[in-house]
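The number in the numbering used here is simply the position in the sequence shown, starting from 1, with 6 added. Glycine included, every Cβ here is placed at the ideal spot set by N, Cα and C.
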Amino acid sequence: MGKYYPIVSEEYKKAVEKCKKKLRGFITEKNCTPLMLRLAWHSASTFDVGSKTRGPFGTMRHKVELAHGANKWSLSCLM
């Protein structure tokens, strides 16, 4: 059982690529690679095998994930 990814338009794909490029530039300019890596790691490390929930698929946007013990530090980074 794999992940399901929705079909998106070419316009959407181009917008995502543009956003990625801008984000990479911002990360380089502000020298925040270590912070971004830590944020990604803590999000990914919350994956629950039993329920197949949490993990690196945008979970940090939910308050329950921010309250998770492994992610408590990140609340101050995201505000």
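Per DSSP, C38 is not a residue of any alpha helix (DSSP H), being assigned neither H nor E. In summary, S51 is exposed, with fewer than 16 beta-carbon neighbours lying within 10 Å of its beta-carbon over all protein chains present.
Spanning the alpha carbons of R44 and T34 requires a straight line of approximately 15 angstroms. In summary, R60 is buried, with 16 or more beta-carbon neighbours lying within 10 Å of its beta-carbon over all protein chains present. Burial check for S49: the Cβ neighbour count within 10 Å reaches 16 or more, so the residue is buried. Residue pairing of T59 in beta bridges, as defined by DSSP: D54.
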